[in-house]
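Each remark here refers to the structure printed beneath this line.
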Amino acid sequence: MNISVITFPGSNCDRDVITAAAEITGKQPTAVWHKDTDLGNPDLVIIPGGFSFGDYLRCGAIASKSPAMDEVIEHSLRGGMVMGICNGFQVLVETGLLPGALIRNKGLKFVCRDTNLKTHQHGKDIMAGFQDGEEMVIPVAHNEGQYFADDDTLKRIQDNGQIAFTYTPMGDETDYNPNGAALDIAGITSENGRVLGMMPHPERKMSDTVGGADGRRLLTAIIEASQS
Amino acid sequence: MKVMVSINLKPGVLDPQARAIENSLSSLGYTEVSGVSTGKQIILDLDETDESRARQKTAKMCETLLVNTVIENYDITIMDEDS
Amino acid sequence: MTDNNPIVTLDDALGMGLTAEEFDRICDHMGRTPNLTELGVFSAMWSEHCSYKSSKKWLKTLPTTGEQVIQGPGENAGVIDIGDGWAAVFKIESHNHPSYIEPYQGAATGVGGILRDVFTMGARPVALLNALRFGAPDHELTPYLASGVVAGIGGYGNCIGIPTVGGEVNFDPSYNGNILVNAMAVGLARADKIFYSAASGAGNPVIYIGAKTGRDGIHGATMASAEFSEDDASKRPTVQVGDPFAGKLLMEASLELMASDSVVAIQDMGAAGLTSSSVEMAAKGGLGMEIDLDLVPVREDHMSAYEIMLSESQERMLVVLKPDATEKAKAILDKWDLDFATIGTVTDSGRLVLNKDGGLAADIPLAPLVDDAPEYDRPHEDSPELPQLASGDLAIEANIKSVLLTLLGSHHLCSRRWIWEQYDRDVMADTVAASTGDAALVRVHGSNRGLAISTDCTPRYVKADPMTGGKQAVAEAYRNISASGALPLAVTNNLNFGNPEKPRIMGQITGSVMGMGEAAKALGTPVVSGNVSLYNETDGNAINPAPVIGMVGVIDDVDQAVGIGLTAAGKSVVIIGQHPEQNDGWLGCSVYADVMTNNPEAAPPPVDLDAEALTGQFIRSAIANSQISACHDIGDGGAMPALAEMVMASHGLGVDVTLPNGAGHGWAFGEDQSRYLVETDDADALLAMAKELGVDGQIIGQTIPSAELKFNDGMTISSVEMNEAYEGGLPRIMAGKNA
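Chains as they are written, first to last, in my numbering: chain A, 1 to 228; chain B, 229 to 311; chain C, 312 to 1050.
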């Protein structure tokens, strides 16, 4: 199992993702610097969170044009698995590998809190390890995480089953969507089901010590799906 | 040649910042204000003397990097040298 | 002498905040009248901010040593041994004036500055905390200043990727025109890999790395050492702008550089920029330094020697490299796209020599600049002793329920969620507890060892009785750390006061420093770093004194730590540190007095340091023995608000409270010190063990499987009611609806 993790200047969850992946697989992932063009023949590429290039211009925009991302696009066009978390999701929509855009949170403030996620796809591709309707508590931490797409695109991704995760109420919670995302979308996949982008950070919930192990479950499922 | 790119959110894209500005203006008594929108400007100094070529090149830059056409519109203005 | 570097006059010196007497001393040391650049260097180094001239005499009385101390005050940050070969590196620093002028940038650069202090020592920062003081909740500027400061703290910390895990905030009219923004950073390093700032090796190259120098923040250190007046809001041009992205690159590049065996000494350019960094590096090494200012990377044209030396542009460091390491170092900086310039050399002249435009811009003897910095024994006057009030003098006609809900919704006690939800608390994936409990808990990456961290101060106590208030700040932090199960190890302090030239203010400083020192000694937590911020006054009105304590403790296994949330029904709830028959409490100077009464001036609760140490020790051992499953320090607001917080932090659990005979508001809301609320399976065993140590305890109830406080007199308060009051307070203030 080869996992490659891309680091841009300003990435700040690269170490966390590498630690989490190593814990799950028992094998150290390959750290790829944004100027590198050799991804190391990965089964799965993870683009971690952070503030690549300071979020200047638009979140993820400058990173999406880096040499390493050209290789990630190639890898994806060959049917390779790619996962983008938070800023990684923003990078993926900027490359066009995923539809839509991520815009400023509705509340105009950075938001860091636990969210309850529900899965919507199962049994195939990068989401192969999930049952439909599974719930997991995973934290978000972002300023620009409101998923946006025009109505046609929203309809298309719904019809294609590209919605991977939505924010869903915990009990009788009403304020469950942290950023105003359309259709409560927290994560989507590409049309071929092999590229996943999500705002919440599974690498931050790896054990009960840090408040829960749902993130480990989520990452394990993605990694196992990438192996087959 | 100086070129200004004005970038605005497309109609229909939620602009919460604009809404906050509008609310704030209204609470300050400027109730006549509506339809606030926000955007950004990027000014480039191009080593180019031909206006149409400058526009063409800038449009290319907008499409590749400066603008996310999923949510943003842009407009290119050639600025006077002395402005 | 060039046009922009003229020989100065006494008026120039007065304009830079120096006294006539200080100017005479400068001329003596120089053997001539200095030029503008030289005077600028002296005025910055002799400013209150850099020289501690009013407080030094008193700071020297603080305990600074202990077997855990690797580095005490005098470096960029303090360093303590936390076991397993790890060291914790930490410091707190104020950015009060800049944050009032431009809240977002002021707070952001405050965070950036304290992070540089920590990574300069070779430590990777792992946690940020803060201590904030804003004006009255209904003051028109409070929502603007508070939201700007919070966004700025988050803006920097979130981007650079260090979790903001804790802090505290107070609102009080004394901060209307002078808010306090204190930021604390904690880092981890291997204990044998600490870097210091003393230069060595004459001939070694002096390197500038990081962002370019502009005209921002010129003379910030002097500005931080002067009183404020109304028109100061127009001093905007001197505000520095932070760039957390550049800060992140600088942090990674610096840590990589220090790991590459290239660095002799390193110092960040913080207050007074290139001046303090070059002077301190050379002087600490007993050497000299020669710098060619034309080689300093600048981002504005025609900058003078004075401007380059006094600029406080952010994200810059000064490094002395090993002689053959320049190429290796440059490659690292190139990788991170940061400026790298060899700007000078270490000399053995004992002088700071600055060249500019092919000529000499300054030539200053370092020893007198540093060693002969002024030190004042300013006249000080004790605060008048205030009466001790009995609860009967204060108690009002209202039931405990209505008082509790009012206090929970008050600006003193209401939930800080509006603030901490804007901070990334989980990045680095080692946060065990943040923002909601007593101390923040952060795991040492790759192990189960944990750092417990807390910032504390109760300014109303300090104002009423500086000595007791100084003690209480340390005791409160000690209690917060102990309540999580960790062993308190050391503190950093941030002394925020008004104008020390006023005897009453100076008396607040001396009193609280003495109290702080006594407590730090008694509780075994020496002071290893700190910062002093004086002249916090606007138009002659001083702030409530705020000697803030940041404390760090260690726990061997974070899974042993307990939180404040109740864990199961059918357990006992006990107040440790309270007599079994207790039915009253100390209401003078309390939150209750402030919110519910006309708040007569009164003495704060006394702090018994022996009892504090003993109770803390008991709590820690009971947590280690798994006899306690939840623990909460009793602080502001007293026992019932603390109990309410425990209920709100649990899922579907509550407490059936048995009120002691005759228990009134004093019992429920008194702020007697050295007390903890704990949940335990076996209250008798716990109390027996406490008794052996000479610690008291009072059983006050049982946990129940419904989310409420239920009293034996029939009164019930549901978690929903408490939450509504508790969570509603801050959003209301921030929406300006308290006005």
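Ideal Cβ placement from N, Cα and C applies to all residues, glycine included.
In this text the structure is predicted, and so the values were computed from the model without any measurement.
- With a threshold of 16 other beta carbon atoms within 10 Å, residue 820 of chain C meets it and is buried.
- With three or more CB-CB distances shorter than 8 Å, the region 799-819 of chain C counts as touching the region 845-860 of chain C.
- In summary, residue 170 of chain A is exposed, with fewer than 16 beta-carbon neighbours lying within 10 Å of its beta-carbon over all protein chains present.
- Separation of residue 316 of chain C and residue 631 of chain C (C-alpha to C-alpha, rounded to the nearest whole angstrom) is 28 Å.
- Judged by DSSP secondary structure, residue 1031 of chain C falls within the alpha helix (DSSP H) whose first and last residues are 1030-1045.
- In this chain, the alpha helix (DSSP H) harbouring residue 832 of chain C covers 814-833.
- Within the region 100-178 of chain A, the complete beta strand (DSSP E) segments at least 3 residues long are 101-103, 111-119, 135-142, 146-148 and 163-167, listed from N- to C-terminus.
- A residue is called buried once 16 or more other Cβ atoms fall within 10 Å of its Cβ, and residue 647 of chain C is buried on that count.
- Taken atom to atom, the span from the alpha-carbon of residue 835 of chain C to that of residue 164 of chain A is near 53 Å.
- Per the C-alpha coordinates, the member of C/555, C/1044, C/976 and C/926 positioned closest to residue 1007 of chain C is C/926.
- Looking only at C/638, C/1043 and C/702, the smallest Cα-Cα distance to residue 726 of chain C is reached by C/1043.
- Remark: C-beta atoms of residue 445 of chain C and residue 436 of chain C do not approach each other more closely than 9 Å.
- Within the region 962-995 of chain C, the runs of alpha helix (DSSP H) that reach at least 4 residues and sit entirely inside it are, in chain order, 976-980.
- Taken in chain order, the members of the region 95-117 of chain A whose beta-carbon sits within less than 7 Å of a beta-carbon on chain B are 100, 101, 103, 104, 106 and 108.
- A direct Cα-to-Cα measurement between residue 73 of chain A and residue 496 of chain C gives close to 39 Å.
- If only complete runs of 3 or more residues are kept, the region 384-426 of chain C shows the beta strand (DSSP E) at 389-394 and 397-405, in order along the chain.
- Among the residues facing chain A, residue 286 of chain B is not included, as its CB has no counterpart in that chain under 9 Å away.
- Take residue 268 of chain B, set aside five residues on each side of it, and the residues of its chain with a beta-carbon closer than 6 Å to its own are 235, in chain order.
- Under the three-pair Cβ rule at 8 Å, the region 588-605 of chain C counts as touching the region 628-642 of chain C.
- According to the DSSP assignment, residue 229 of chain B belongs to no beta strand (DSSP E), since it is labelled neither H nor E.
- Rounded to the nearest angstrom, the Cβ distance from residue 528 of chain C to residue 622 of chain C is 6 Å, consistent with a contact under 8 Å.
- For residue 473 of chain C, the closest of A/49, A/36, A/24 and A/33 by C-alpha to C-alpha distance is A/49.
- By the beta-carbon neighbour count (other beta carbons within 10 angstroms, threshold 16), residue 988 of chain C is buried.
- Here residue 957 of chain C is buried. Its C-beta has 16 or more other C-beta atoms within 10 Å.
- Approximately 13 Å separates the beta-carbon atoms of residue 949 of chain C and residue 894 of chain C; this is outside 8 Å, ruling out the contact.
- With a cutoff of 9 Å on beta-carbon distance, residue 353 of chain C and residue 604 of chain C are scored as not near each other.
- In this structure, the alpha-carbon of residue 965 of chain C lies about 10 Å from that of residue 876 of chain C.
- For residue 242 of chain B, the closest Cβ of chain A is nearer than 9 Å.
- Residue 33 of chain A carries a strand assignment under DSSP once its states are collapsed to helix, strand and coil.
- The Cβ of residue 271 of chain B sits no closer than 9 Å to any Cβ of chain A.
- Contact between residue 784 of chain C and residue 858 of chain C holds: their C-beta atoms lie close to 6 Å from each other, under 8 Å.
- Between the region 450-462 of chain C and the region 768-779 of chain C there are fewer than three inter-stretch CB-CB distances shorter than 8 Å, so the stretches are not counted as touching.
- Taking a Cβ-Cβ cut-off of 7 Å, the neighbours of residue 736 of chain C in chain A comprise 112, given in sequence order.
- Residue environment: residue 281 of chain B is assigned as exposed (fewer than 16 neighbouring CB atoms within 10 Å of its CB, all protein chains considered).
- With respect to chain C, the C-beta atom of residue 68 of chain A has no partner C-beta closer than 9 Å.
- Restricting attention to alpha helix (DSSP H) runs no shorter than 4 residues, the region 316-384 of chain C encloses them at 321-326, 331-341, 347-356, 359-362 and 367-370, ordered along the chain.
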